[in-house]
Each structure stands twice: as structure tokens, then as C-alpha cells.
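Participant: Pasting a structure here, questions to come.
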Amino acid sequence: MDTAERLELATRNTAEVVEESELQQLLAEGTPSAYIGYAPTGEMHIGHFTTMRKLADFLGAGMEVTVLIADLHAHLDDAKSPFDLLDARSAYYQETIEAMIDAAGADPDDIEFVRGSEFELDEDYALELLRMAAETTISRAQRAASEVVRESDSPKLGGLLYPLMQTLDVDALDADVAYGGIDQRGIYMLSREMLPDHGGEAPVCVFAPLLSGLSGGKMSASDEASKVNLTDDRETVVEKVGDAYCPAGEREDNGVLEYLEYLVFPVLDERGESFVIERPEEYGGDVTYETYGDLEEDFLAGDLHPADLKPAAGAAISAVIAPVRERLLDQPALLREAYPEKYD
RNA sequence: CCGCCCUUAGCUCAGACUGGUAGAGCAGUCGACUGUAGAUCGACUUGUCCCCCGUUCAAAUCGGGGAGGGCGGACCA
Numbered sequence: 132m133d134t135a136e137r138l139e140l141a142t143r144n145t146a147e148v149v150e151e152s153e154l155q156q157l158l159a160e161g162t163p164s165a166y167i168g169y170a171p172t173g174e175m176h177i178g179h180f181t182t183m184r185k186l187a188d189f190l191g192a193g194m195e196v197t198v199l200i201a202d203l204h205a206h207l208d209d210a211k212s213p214f215d216l217l218d219a220r221s222a223y224y225q226e227t228i229e230a231m232i233d234a235a236g237a238d239p240d241d242i243e244f245v246r247g248s249e250f251e252l253d254e255d256y257a258l259e260l261l262r263m264a265a266e267t268t269i270s271r272a273q274r275a276a277s278e279v280v281r282e283s284d285s286p287k288l289g290g291l292l293y294p295l296m297q298t299l300d301v302d303a304l305d306a307d308v309a310y311g312g313i314d315q316r317g318i319y320m321l322s323r324e325m326l327p328d329h330g331g332e333a334p335v336c337v338f339a340p341l342l343s344g345l346s347g348g349k350m351s352a353s354d355e356a357s358k359v360n361l362t363d364d365r366e367t368v369v370e371k372v373g374d375a376y377c378p379a380g381e382r383e384d385n386g387v388l389e390y391l392e393y394l395v396f397p398v399l400d401e402r403g404e405s406f407v408i409e410r411p412e413e414y415g416g417d418v419t420y421e422t423y424g425d426l427e428e429d430f431l432a433g434d435l436h437p438a439d440l441k442p443a444a445g446a447a448i449s450a451v452i453a454p455v456r457e458r459l460l461d462q463p464a465l466l467r468e469a470y471p472e473k474y475d
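Add 131 to a position in the first sequence, counting from 1, and you land on the number used in my numbering.
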């Protein structure tokens, strides 16, 4: 595989790459390392899943991949996770992420898992954090973290340390590439700005698109109807997709199309399968799509009606998450201990 | 350490001065209309009024105590 092919693999299905030329350079020189961090807060959902195929792409492009379970960040962000649940939630996140990577067609054993608290309390790290805190204005830190850290009536100092620590994580993990949702852009732009002055190098940033919610607008972790949970059974997934905002012939805010493009088709492609829609003869009979592009073309042209698309999309999404769902249901203690107030 | 303010539906809040069956908007649920959903109509649901004690025939409302949160002042050898 030549550099151009590796670059295409590493950058496909992304929202933005800063800067692509830098990534090309890294690939030309050898084996770049990439990392993505997840703060173990609420239950993982399908939005997380859409970032997993990219990790497989990175591996396929001959890169090293590290997944950071950012346990301390989960507490620093407005105490989304209570301090004494960090271990249980980290365990749940790691198991779930491994299941998703597996389901997405990659081998979890090829990925290194690291927990934030393993190195974020090191003396060198702490010292550098304080130095950064001394030279970063409050408004700058707020701006960097505004899309990530929860807004609160009583904002805590932790939310300001958050982007600084994430910046130091890049260096501590020795990552050439920082990967995350496009919501992480503010933080990593701060990292590119600051890291060269703090003993590191500006990372190349690869951003995944944030998918629309099923109820229109942004997907909200707190809105059950806007997202598919990894533990939702097939019936529930089909029902949620059936209730989704999905205007005929429109792509904007259309979560159903986005799920197909960024979740279903990449996984079908990996498995060498195609997407089949069962449709009454009255409306044209069954259709099969090999690529998302073909499907979108028909949908935008009005040749594929939402009422026909939805049941097939729901079933396909359910099929994609099924292995993850089964693995989680096989280990009920993971969820019970991570979210005792919900599962007790 | 001192002072002031806040706490009512899932969310944002009104009601408190002047005690009398706890409200609005949004959200949600259900119908109608669409071959989906949304939008739009129509209907419906929602409560530890932060906790305890007291006054009263009657307390979200008045009094006392407490908890949580916010703001300010003071102290600064």
C-alpha cells in the first residue's frame, strides 16, 4: 500500500483533517501513532460506534492506535462521573470499546488501552499542567472546552483544567495524530498552539463528524429518542428509527441517512455485504444498494421513500450493534456496577 | 468568620408581600393530516413546592432551625 492509499484510508469519512499535508508527511516517513480519548461518563451509544471504524482504518493504514480511557476527565467535567465510580465505568468503557472495535471489523488486541490516571498524576505531567495553567487565560480555556465540557450554572475549575490535560495527554501518549469528534476541535487547536512551547509537538488532528440525532438537530446523550443505545434490542432500534425525523429527499439533519453513511455502510463494506430494502411492488419492489452514494442519490431524487428506508435501516443498525449488545448483556455486572443508580 | 440572595412539573420559571383545592411556557403522551418522521391543528398527562419543627380551622406562602447552591464583605502578620 503506497502513501496515497494509506492517506485515503486514514482520512475517509472524516469531518476535517488539520493538516492533511502533515499527515501525508508522517505516513511517508513511517508508522505514525494515533490516539482517541473517551471520558467514561454516561452509557456509550451509537455515536461512539461511528468513531470505531476509523480506528480500523488507522490500523489498516499501518498506524499505531492507542485508546485512552480518560477517567480523571470524566470527573473533571462537572463531575459527570462520581469519583468512586471511575474504575467501574472505565472497565465498562474498555469492554464496550473492545466489543465495538471487534464489531467494526478490527482486532482489539492491535490497540493499546491506557487509563488517564496511570500517567496524569506523574510529577512531570503535573508540573507542566501547572505551568500551562499559569499562562492560559480563563476565557481561552473556556473557549477551547465549550463544545465538550458541560455548561453549568456553577462552572468548576475542573472544566478549565480539562483542555489543558487533554493537550498534555497528546504528548504523554506520544501521539502524532489526535483523533476525536469535531466537537474536540477547540481543544486540539489549543493543543496545536501550546504544545510546541511545552516540550511537545503540534498533533495532526483528525475529526469525525458528529451525527444528527434521530429526532432532528444534534444527537443528545440525555434524549433517549435521539439516539440508539448499544443495549437497545432490535425491536427498540427499529421503533426509534421509525420515529426518526426523516424528510423525503432531504439530507440535512437526517440522522437516518447519516447512520447509514457513517455506521452501516462502512461496516457492510468491511464484511463485503450489501444493503437490502424490502419494498412493496406498488412502490417499485425490493432494492439492493452496494454503496451509500447510490442510496443517497435515489433518496434525494425521491426514488426511495423514507417509509421504505426506515425499517431496513433500523434492522441494519440493529445488526451492526448486535454483537456489542450481546457481549454487554452477557456481563450484566459491568453496567450494574458502572451505573448502580440505574441498574442496581 | 460575617452579610445577602436562591431552592416549586423532565427543563425554564410564575405564585409568597396580603395564608384558602399548585400554575404557565417548553418537553412528553395520544389522536387528525401526511405512504415515514417533522410541521400544523385537537386533546391529555406531569409534583416530597429542599428537609424538620412551630403558629393557624387552614402553610408553597408566616416564624424558628437545618441542608445544598450562588454572590459579596472582612481578615491579609
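We treat Cβ as the ideally placed atom computed from N, Cα and C, and that holds for glycine.
#1: Classify Ile269 as buried or exposed, calling it buried when 16 or more other Cβ atoms lie within 10 Å of its own Cβ.
#2: When you compare the stretch 180 to 194 with the stretch 207 to 226, are there three or more beta-carbon pairs, one atom per stretch, that lie closer than 8 Å?
#3: First and last residue of the alpha helix (DSSP H) that includes Tyr390?
#4: Which whole-angstrom value is the C-beta distance of Glu151 and Phe338, which I expect to be below 8 Å?
#5: For Cys336, list the residues DSSP reports as bridge partners.
#6: For Arg246, which residues of its own chain have a beta-carbon under 7 Å away from its beta-carbon, when the five flanking residues on both sides are left out?
#7: Give the straight-line distance between the Cα atoms of Ala464 and Glu153, rounded to the nearest whole angstrom.
#8: Express the C-alpha separation of Ala264 and Tyr390 in angstroms, rounding to a whole number.
#9: Helix, strand or coil: which one does DSSP assign to Ser164?
#10: Taking only the alpha-carbon atoms, compute the straight-line gap between Pro159 and Asn360 and give it to the nearest angstrom.
#11: Pull up the CB-CB distance for Val407 and Ala443, whole angstroms please, since I reckon it's below 8 Å.
#12: With contact counted as at least three CB pairs below 8 Å, one residue from each stretch, are the stretch 386 to 403 and the stretch 359 to 376 in contact?
#13: Would you say Lys473 touches the ligand NAP, meaning its beta carbon is less than 6 Å from a heavy atom?
#14: Quick check on the DSSP output: the beta strand (DSSP E) that includes Glu409 runs from which residue to which?
#15: Using the three-state DSSP reduction, which class does Glu324 fall into: helix, strand or coil?
#16: Pick out whichever of Asp255, Leu252, Met296 and Glu251 has its Cα sitting closest to the Cα of Ala272.
#17: Ends of the alpha helix (DSSP H) at Phe189?
#18: Do the stretch 321 to 330 and the stretch 410 to 425 touch if we need at least three Cβ pairs shorter than 8 Å?
#19: Does the count of Cβ pairs from the stretch 309 to 319 and the stretch 344 to 354 closer than 8 Å reach three?
#20: Among residues of its own chain, excluding the 5 on either side of Val149, which ones have a beta-carbon nearer than 6 Å to its beta-carbon?
#21: So what does DSSP say about Gln267, is it helix, strand or coil?
#22: Considering Phe244, what are the terminal residues of the beta strand (DSSP E) in which it resides?
#23: Can you tell me whether Thr197 is helix, strand or coil according to DSSP?
#24: Lys349 by DSSP, collapsed to three states: which one?
#25: Return yes when the Cβ of Thr197 is within less than 7 Å of the Cβ of Tyr169, no when it is not.
#26: Does DSSP put Val301 in a helix, in a strand, or in coil?
#27: How many angstroms separate the CA atom of Glu226 from the CA atom of Asp238?
Facilitator: This is what the structure holds:
#1: Exposed, by the Cβ-count rule.
#2: Fewer than three Cβ pairs drawn from the stretch 180 to 194 and the stretch 207 to 226 lie within less than 8 Å of each other, which leaves the two stretches out of contact.
#3: Note, Tyr390: alpha helix (DSSP H), Gly386 to Tyr390.
#4: The beta-carbon separation of Glu151 and Phe338, rounded to 12 Å, does not stay under the 8 Å limit for a contact.
#5: Paired residues: Val149 and Ala309.
#6: Within the same chain, Cβ atoms closer than 7 Å to the Cβ of Arg246 are found at Ile200, Asp202 and Ser221, the five residues on either side in sequence being excluded.
#7: Between Ala464 and Glu153, the alpha-carbon positions lie close to 44 Å from each other.
#8: Whole-angstrom Cα-Cα distance: 39 Å.
#9: Strand.
#10: According to the sequence as given, residue 159 is Ala; it is not Pro. C-alpha separation (whole angstroms): 39 Å.
#11: About 7 Å; that satisfies the 8 Å criterion.
#12: By the Cβ criterion, the stretch 386 to 403 is in contact with the stretch 359 to 376, since at least three pairs of Cβ atoms, one from each stretch, lie closer than 8 Å.
#13: This structure lacks the ligand NAP; in fact it carries no ligand of any kind.
#14: Careful: Glu409 lies outside any beta strand (DSSP E) and carries neither H nor E.
#15: The answer is helix: DSSP assigns Glu324 an H, G or I state.
#16: Ranking the options by Cα distance to Ala272, first place goes to Met296.
#17: Element bounds for Phe189: Met183 to Gly191.
#18: For the pair of segments examined, the stretch 321 to 330 was found not to touch the stretch 410 to 425: the number of CB pairs separated by less than 8 Å stays below three.
#19: Flag = no, the stretch 309 to 319 and the stretch 344 to 354 do not touch.
#20: Once the five neighbours on either side are set aside, the close Cβ partners of Val149 are Cys336.
#21: Residue 267 is actually Thr in this sequence, not Gln. If DSSP states are grouped into helix, strand and coil, Thr267 belongs with coil.
#22: Residues Ile242 to Arg246.
#23: The DSSP-derived three-state label of Thr197 is strand.
#24: If DSSP states are grouped into helix, strand and coil, Lys349 belongs with the strands.
#25: Here Tyr169 is not near Thr197, since their CB atoms are 7 Å or more apart.
#26: Val301 falls in the helix class under three-state DSSP.
#27: Cα-Cα distance, rounded: 13 Å.
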